[in-house]
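The next block holds one structure in the form of structure tokens; read it before the comments.
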Amino acid sequence: MNTEFKDKVTLVTGAASGIGKATAFAFAQQGAKVVVADIEQSACDVVAEEINNEGGEATAIAVDIASEESIRAMLDNTIQHYGQLDHACNNAGVLGGMVCLTADYPVETFDQVIAVNLRGTWLCMKYEIPLLLKTGGTIVNTASIAGIVGFETLSAYTASKHGIIGLTKTAALEYAKQNIRINALCPGGVRTPMAGFTGTDDQAAEDMVAQMTPMGRVAEPEEMAEVILWLSSPKSSYVDGHALVADGASTAR
Ligand SMILES: NC(=O)c1ccc[n+]([C@@H]2O[C@H](COP(=O)([O-])OP(=O)(O)OC[C@H]3O[C@@H](n4cnc5c(N)ncnc54)[C@H](O)[C@@H]3O)[C@@H](O)[C@H]2O)c1
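Going by the working numbering, the residue at position 84 of the sequence shown is 236; the numbering climbs one at a time, nothing skipped.
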């Protein structure tokens with residue numbers, strides 16, 4: 153066990169799977185006390201138990217980031233359990249499931265994606281910032297390269313991720329003098345269930361994204377966790393309001 157985040161209380165949303173799960177483990181391995189937050193209590197329990205079995209410190213708190221009440225309860229529980237908040241990783245998100253042109257995009261799906269990805273990330277920040285003002289700390293929001301460039305057939309997702317970067321920059325400006333740094337991570341293709349690269353029949357999807365990626369492969373969730381840890385650590389002490397792209401050079405073209 154390393155000690156870079158020793159006793160720092162770290163909240164990770166979307167922590168039951170993919171990038172969030174890898175991030176929860178990475179913080180725990182650096183000595184943090186980790187709040188494993190995701191939509192299903194049982195899935196949070198499994199990850200928290202795995203972390204605790206490996207000698208880390210984690211607690212499981214279910215949250216639906218589309219619900220203001222649920223986010224408030226998550227943060228109340230965090231304070232009740234650990235007494236403070238030092239780092240927040242607002243990582244939970246949905247793709248939307250619909251793959252169709254902007255003019256054909258269903259209103260209901262658009263509203264759902266925005267409610268989780270954009271409004272949900274904002275609501276998390278809204279209730280995290282007053283806690284972080286007490287201790288100083290960091291927020292890392294998981295955006296996407298879909299926050300940097302357009303993606304045909306993914307209008308709601310792309311709009312939500314551009315919005316997350318706007319929120320990140322705005323809040324970073326607002327709190328820059330108050331010892332809170334706020335940054336975003338913009339991953340390219342990462343091997344997670346959301347990307348559709350982890351099922352048994354998904355090799356073709358992964359191969360297609362790998363082929364489009366200059367590095368010739370998709371990323372592992374652990375590679376994204378490393379970036380989130382760096383953005384949360386004093387090693388990035390002058391990095392604030394930044395949207396860090398980690399995409400195997402996909403958006404360099
Ligand atoms: N995988 C990629 O290629 C990729 C690329 C760019 C950005 N991202 C972003 O990374 C983040 C993590 O995604 P991932 O790839 O690890 O996918 P994932 O599906 O493995 O994990 C997403 C997690 O978010 C949780 N979640 C969804 N809606 C929620 C809600 N309303 N409340 C609480 N939790 C909720 C899910 O239950 C799931 O555990 C997302 O914000 C995603 O948009 C992923």
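Glycine included, every Cβ here is placed at the ideal spot set by N, Cα and C.
Round the Cβ separation of residue i and residue j to the nearest angstrom and send it over; I've been treating them as touching at under 8 Å.
i: T287; j: L237; result: 7 Å
i: A244; j: G272; result: 7 Å
i: A240; j: C276; result: 7 Å
i: L319; j: L396; result: With 8 Å as the limit, L319 and L396 do not qualify as a contact, their Cβ atoms being about 15 Å apart.
i: T403; j: V301; result: 6 Å
i: I334; j: D392; result: 7 Å
i: A195; j: A168; result: 4 Å
According to DSSP, which residues form a beta bridge with residue i?
i: A167; result: Paired residues: none, contrary to the question.
i: A395; result: A336
Hey, is residue i close to ligand 3, as in C-beta under 7 Å from one of its heavy atoms?
i: T261; result: Ligand 3 is not part of the structure shown, which contains ligand 1 as its ligands.
What ranges does the alpha helix (DSSP H) occupy inside the region 241-294, keeping only unbroken runs of at least 4 residues that lie completely in it?
259-265, 272-287
Could you name each continuous alpha helix (DSSP H) segment of 4 residues or more that falls completely within the region 286-348, going from the start of the chain to the end?
307-327
Between the region 216-229 and the region 198-207, can you find at least three pairs of beta-carbon atoms closer than 8 Å?
no
Is the region 158-165 in contact with the region 182-194, if contact means three or more CB pairs nearer than 8 Å?
yes
If we require 3 or more residues per run, which beta strand (DSSP E) segments fall completely within the region 178-240?
185-190, 209-214
On the three-pair Cβ rule with 8 Å, is the region 365-376 touching the region 301-316?
no
Can we say the region 354-362 touches the region 257-269, given the rule of at least three CB pairs closer than 8 Å?
no
Below 8 Å, how does it come out for the region 252-259 and the region 165-184: are there three or more Cβ pairs, yes or no?
no
Within 8 Å, do at least three Cβ pairs link the region 314-328 to the region 340-351?
no
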